[in-house]
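Peer 1: One structure, pasted below without further comment.
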Amino acid sequence: MNTFYGVHLMENWKLETIHMCISAPLCALAPTSCHQYFFGSGGMAQRANKGTSFRSWAGLPYDLLNMISKRLSLVDYLAFGGVCSSWRSSSVAQRAVVLASQPPLLVLVSVYAKRGCFLFDISDGGTYKAMLPNVHGRSFWGFSCGYLIMRDKKFKIWLVNLITRKELDFPTLPELYTGYITPDFRPVLAYSTALSEFVLVVAHRFFPLLHFCRFGDENWTVYRFVDEPWMIVDLAVFYGKIYFLTNRGRIGIFKMSPHPTLTLLTVKGSPNYLSCSLQLVISDGQLFMVDVCNVSMVYKLDQSETEMEWMKMESLGDKALFLNYTQSAIVNNPSMWGGQSNSIYYTVFNQCYTYSIDDGDRQSFPFIQGNRVGYLRPFFWFFPHLSHDENLLDDM
């Protein structure tokens, strides 16, 4: 178990690892906390200059800082940005590049979780503990545009961005949802450019209802579609609009104003399929439909000026698909961190599997070693490359 967060520093053109034990949470690394712990309250330069001619590390050239930040793991990158203001400025500038190169992390939840969760790096087997405030008594819902979504026993919603540390609170959902498990809910967070505020939309796979709420509002707006012969099983923000997916494999657009409406789209090649485990996945400006329970069920939406058509994918090329009941995603060029291209990653109970589309080979790998394996279970994937996605909503 790795209880340290490392920061890689460039010296003599070689990467060396200097470990720093950080008491601050992973999701709340303050710029001053790392600096004070490692350098002391007086700063490294101040103490070093008493007997040496060392210069402050805060004064490293900006180009060199950018070079360093691009070569860090996610955990090291978070710690790197907490050393001082100049390092943080560099980390923010390189955020999109760094996050795009990171492997997905498997979120592991202990049955005794009170203060956080564990993050498992599938590229090197490293496991990190993420300390999160107010976790006790809350259930994990998953992620949306970089925000970890949780709810308490009364269904009050709380979100925190693991990268930026921003927190959002939403009011309590109606008691109708009490007793249902996490995969039954399909939340999506979007940022409305018209309102200049976040909006959270929640669907339930077994109720003909949609709930949506703007950040800061005291109550949820409820939209009922009881006359429709289908249920909404997933939501996604695609080109500034909220798309919904039904349990019959059809897609449409949800508009919240001036009045809530659901509009089904005419799409050729829609599979004659009935499933509550269908999901929408967005990658490189393209929309995909997958089934968490069926690795062969991968479709891409082909769009022209006059029509749309679902095309069954026979190959993912240099991409890999990560499936999970909470959130699925497509990752580009997984070979950069040791992953397998044209493959599908998925979890079943306490095992992780890879399925090769090329030859149909399946392999499993353990997600954690040691005595803790009995106390942790894979809950969902955390995709760093999606943490930079703002889910901009142009049309309410």
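Residue 1152 is where the sequence shown starts when you use the numbering used here, and the numbers rise one by one after that.
For every residue, glycine included, the Cβ atom is placed at its ideal position computed from N, Cα and C.
It should be emphasised that the depicted structure is a prediction, and the values quoted were computed from it without experimental measurement.
1. Whose C-beta lies closer than 8 Å to the C-beta of G1367 among residues of the same chain, with five residues either side of it excluded?
2. Between E1465 and G1420, is the Cβ-Cβ spacing less than 8 Å?
3. Among the residues of its own chain, which have a CB less than 8 Å from the CB of L1360, if the five just before and after it don't count?
4. Distance, Cα to Cα, G1222 vs V1249?
5. Give every residue of the same chain whose Cβ lies closer than 7 Å to the Cβ of T1414, excluding the five residues on either side of it in the sequence, and list them in chain order.
6. Rounded to the nearest angstrom, what separates S1434 and K1305 at their Cα positions?
7. Would you report the Cα separation of R1401 and L1416, rounded to the nearest angstrom?
8. Out of Y1394, S1479, Q1245 and V1243, point me to the one whose CA is closest to V1449's CA.
9. By the 10 Å Cβ neighbour count, where 16 or more other Cβ atoms means buried, how is L1537 classified, buried or exposed?
10. Helix or strand or just coil, what does DSSP make of L1537?
11. Determine whether the beta carbon atoms of S1237 and A1209 lie at a separation below 8 Å.
12. Just to confirm, is the Cβ distance from Q1245 to S1274 under 8 Å?
13. Quick check on DSSP: helix, strand or coil for W1371?
14. Less than 8 Å separating the beta-carbons of L1340 and L1299?
15. What is the rounded straight-line gap between the Cα of P1380 and the Cα of H1362?
16. Have a look at R1356 and F1516 and give me their C-alpha separation to the nearest angstrom.
17. According to DSSP, is R1246 part of a helix, a strand, or is it coil?
18. Between the C-alpha atoms of I1314 and F1534, what's the straight-line distance to the nearest angstrom?
19. Would you call F1530 buried or exposed, if buried means 16 or more other Cβ atoms sit within 10 Å of its Cβ?
20. Excluding the 5 residues preceding and the 5 following Q1197 in the sequence, name in chain order all residues of the same chain whose CB lies nearer than 6 Å to its CB.
21. Can you give, in chain order, each stretch of the beta strand (DSSP E) that sits fully within the stretch 1459–1500 and has at least 3 residues?
22. Starting from F1336, trace the beta strand (DSSP E) both ways and give me its first and last residue.
23. Taking the straight line between their C-alpha atoms, what separation do you get for S1426 and Y1213?
24. Counting along the chain, where does the alpha helix (DSSP H) carrying A1230 start and finish?
Peer 2: According to the structure data:
1. E1348
2. no
3. L1327, A1354, V1373, Y1374, R1375 and F1376
4. Per the sequence shown, residue 1222 should be read as Arg rather than Gly. Looking at the two C-alpha atoms, the distance is approximately 8 Å.
5. G1403 and I1404
6. Near 35 Å, if we compare the C-alpha coordinates of K1305 and S1434.
7. 8 Å
8. S1479
9. buried
10. Residue state for L1537 is assigned as helix, using DSSP reduced to three classes.
11. yes
12. no
13. coil
14. no
15. 19 Å
16. 31 Å
17. helix
18. 11 Å
19. buried
20. With a pLDDT of 38 at Q1197, under the threshold of 50, the predicted position of this residue should be treated as unreliable, and no value is reported.
21. 1459–1463, 1470–1473, 1480–1483 and 1494–1499
22. For F1336, the uninterrupted beta strand (DSSP E) segment begins and ends at F1336 to S1343.
23. 52 Å
24. L1225 to F1231
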